[in-house]
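Residue numbers (the numbering used here): 1190 to 1570.
Think of the CB as a built atom: it goes at the ideal place given N, C-alpha and C, for glycine as much as any other residue.
Since the structure is predicted, the reported quantities are computational estimates derived from the model, not experimental observations.
Below is one structure, written out as structure tokens, with a few remarks after it.
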């Protein structure tokens, strides 16, 4: 299909994609409790002709089309975020204290648009597996695992040859797109701090740990830009979990951050509470992903132009993608939905997206999938 023909075809879907996004925006649900969201997704995908599996990783939806190989997964997160929306929208969140402040409503809508186009394309030289994944923003209280890890455990990835994950990004100007860069020289070391505060003090202690940590690194020019804190999560009234990472450039880096983390935790728990610090060395974040990344980058250039193809470095909120990319050749595609005049910050009560470009996300996903089916980079049947 000619580029302009595809963009025009997806423009015709723009109204429907927007309707889906708004319907989903109004019903955000917490991780592993996305019941109405899953109902909506399953009904739509089934109407397109997909075979539906419900209850995957508790509330996830997996939809399959075709039986041949290669088999390509298309993934979107589906959970909301615990913040009270303050946007005065006709389709604002109807659920108190919950909002799609991460753009997952737009992610789902764009992926559904691509799923519909693929179903309408007739016989495909391969098959499609839509992964609507629950709980990317939180972890299970039972086993400290997110939806992506549970998808892995339940074998959702076992028959995939490639995977494309999609996410809107308000830090990229609307109408641009990018693909997560595979920096082979980067070794990331993740840390988790489980805080037991007692008497409802855990979140306050966890927050103090983070403040102490950044205070201890602010004058260390060699190290301060290597640190990211991803989340502070309430596990129960007595327990909280801090998760983050640092880029490990060698033994000196690990020693510095290990000392800083322990000192920050000890200072915050001196009067009450205790902590448990653990590490997870993430050396294999990507598995032979270069060829898939290149295919998706080529489609961004083809559809939008070379000047609109941005290199995206690792983001804190892209971590839930790595359980996929460490097992299946994958690419994480970002669609820019940001407006310079009204900057939107992820995970805040005023987060919003530029709906007018959502059809571009659908076009990029659709064309990338067709190219992978045709080119089959490094495919072994």
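Tell me whether residue i sits in a helix, a strand or coil according to DSSP, three-state version.
{"i": "residue 1200", "result": "helix"}
{"i": "residue 1228", "result": "helix"}
{"i": "residue 1533", "result": "coil"}
{"i": "residue 1550", "result": "helix"}
{"i": "residue 1270", "result": "strand"}
{"i": "residue 1206", "result": "helix"}
{"i": "residue 1540", "result": "coil"}
{"i": "residue 1332", "result": "coil"}
{"i": "residue 1560", "result": "helix"}
{"i": "residue 1264", "result": "strand"}
{"i": "residue 1348", "result": "coil"}
{"i": "residue 1453", "result": "helix"}
{"i": "residue 1466", "result": "strand"}
When the Cα of residue i is compared with those of the options, which residue comes out closest?
{"i": "residue 1310", "options": "1567, 1561, 1555", "result": "1555"}
{"i": "residue 1233", "options": "1399, 1277, 1321, 1499", "result": "1321"}
{"i": "residue 1352", "options": "1527, 1547, 1518", "result": "1518"}
{"i": "residue 1420", "options": "1301, 1328, 1259", "result": "1328"}
{"i": "residue 1201", "options": "1396, 1303, 1561", "result": "1303"}
{"i": "residue 1397", "options": "1531, 1422, 1456", "result": "1456"}
{"i": "residue 1557", "options": "1490, 1484, 1538", "result": "1484"}
{"i": "residue 1461", "options": "1400, 1316, 1392", "result": "1392"}
{"i": "residue 1295", "options": "1211, 1249, 1488, 1380", "result": "1211"}
{"i": "residue 1222", "options": "1281, 1301, 1242, 1326", "result": "1326"}
{"i": "residue 1545", "options": "1192, 1206, 1193", "result": "1206"}
{"i": "residue 1279", "options": "1208, 1383, 1291", "result": "1208"}
{"i": "residue 1288", "options": "1297, 1276, 1270, 1532", "result": "1270"}
{"i": "residue 1230", "options": "1297, 1565, 1274", "result": "1297"}
{"i": "residue 1137", "options": "1537, 1567, 1560", "result": "Here the chain has residues from 1190 to 1570 only, and residue 1137 is not among them."}
{"i": "residue 1290", "options": "1539, 1570, 1560", "result": "1539"}
{"i": "residue 1444", "options": "1468, 1459, 1364, 1458", "result": "1468"}
{"i": "residue 1361", "options": "1193, 1257, 1498, 1570", "result": "1498"}
{"i": "residue 1570", "options": "1220, 1228, 1257", "result": "1257"}
{"i": "residue 1446", "options": "1220, 1409, 1305", "result": "1409"}
First and last residue of the alpha helix (DSSP H) that includes residue i?
{"i": "residue 1299", "result": "1293-1309"}
{"i": "residue 1395", "result": "1391-1406"}
{"i": "residue 1340", "result": "1336-1342"}
{"i": "residue 1519", "result": "Looking at the DSSP string, residue 1519 is not in any alpha helix (DSSP H); the run it does join, the beta strand (DSSP E), is 1519-1527."}
{"i": "residue 1219", "result": "Unbroken run through residue 1219: none, as it is neither H nor E."}
{"i": "residue 1511", "result": "1511-1514"}
Taking 8 angstroms as the cut-off, decide whether the C-beta atoms of residue i and residue j are in contact.
{"i": "residue 1366", "j": "residue 1511", "result": "no"}
{"i": "residue 1405", "j": "residue 1359", "result": "no"}
{"i": "residue 1509", "j": "residue 1526", "result": "no"}
{"i": "residue 1262", "j": "residue 1334", "result": "no"}
{"i": "residue 1380", "j": "residue 1428", "result": "no"}
{"i": "residue 1340", "j": "residue 1481", "result": "no"}
{"i": "residue 1292", "j": "residue 1357", "result": "yes"}
{"i": "residue 1541", "j": "residue 1276", "result": "yes"}
{"i": "residue 1331", "j": "residue 1424", "result": "no"}
{"i": "residue 1308", "j": "residue 1386", "result": "no"}
{"i": "residue 1399", "j": "residue 1489", "result": "no"}
{"i": "residue 1314", "j": "residue 1563", "result": "yes"}
{"i": "residue 1370", "j": "residue 1250", "result": "no"}
{"i": "residue 1264", "j": "residue 1377", "result": "no"}
{"i": "residue 1418", "j": "residue 1395", "result": "no"}
{"i": "residue 1324", "j": "residue 1220", "result": "yes"}
Can you tell me where the beta strand (DSSP E) holding residue i begins and where it ends?
{"i": "residue 1351", "result": "1351-1362"}
{"i": "residue 1486", "result": "That residue, residue 1486, is in no beta strand (DSSP E); its alpha helix (DSSP H) goes 1479-1493."}
{"i": "residue 1654", "result": "Nothing in the structure corresponds to residue 1654, since the chain is present only between 1190 and 1570."}
{"i": "residue 1435", "result": "1428-1436"}
{"i": "residue 1420", "result": "1416-1425"}
{"i": "residue 1316", "result": "1316-1322"}
{"i": "residue 1498", "result": "1498-1501"}
{"i": "residue 1240", "result": "1240-1245"}
{"i": "residue 1366", "result": "1366-1369"}
{"i": "residue 1252", "result": "1249-1254"}
Excluding five sequence neighbours on each side, which residues of the same chain lie with their C-beta closer than 7 angstroms to the C-beta of residue i?
{"i": "residue 1552", "result": "1195, 1196, 1199, 1492"}
{"i": "residue 1226", "result": "1213, 1216, 1218, 1267"}
{"i": "residue 1449", "result": "1402, 1405, 1406"}
{"i": "residue 1454", "result": "1382, 1398, 1464, 1466"}
{"i": "residue 1414", "result": "none"}
{"i": "residue 1568", "result": "1259, 1350"}
{"i": "residue 1565", "result": "1259"}
{"i": "residue 1528", "result": "1363, 1543"}
Considering only residues of the same chain and omitting the five flanking positions on each side of residue i, which have a CB-CB separation below 8 angstroms?
{"i": "residue 1240", "result": "1252, 1253, 1254"}
{"i": "residue 1349", "result": "1260, 1261, 1262, 1318, 1517"}
{"i": "residue 1224", "result": "1218, 1248"}
{"i": "residue 1532", "result": "1359"}
Within its chain, find whatever has a CB closer than 6 angstroms to the CB of residue i; leave out the 5 residues flanking it on each side and keep chain order.
{"i": "residue 1203", "result": "1548"}
{"i": "residue 1463", "result": "1385"}
{"i": "residue 1442", "result": "none"}
{"i": "residue 1550", "result": "1299, 1524"}
{"i": "residue 1636", "result": "The displayed coordinates of the chain run from 1190 to 1570. Any statement about residue 1636 would go beyond what the structure contains."}
{"i": "residue 1530", "result": "none"}
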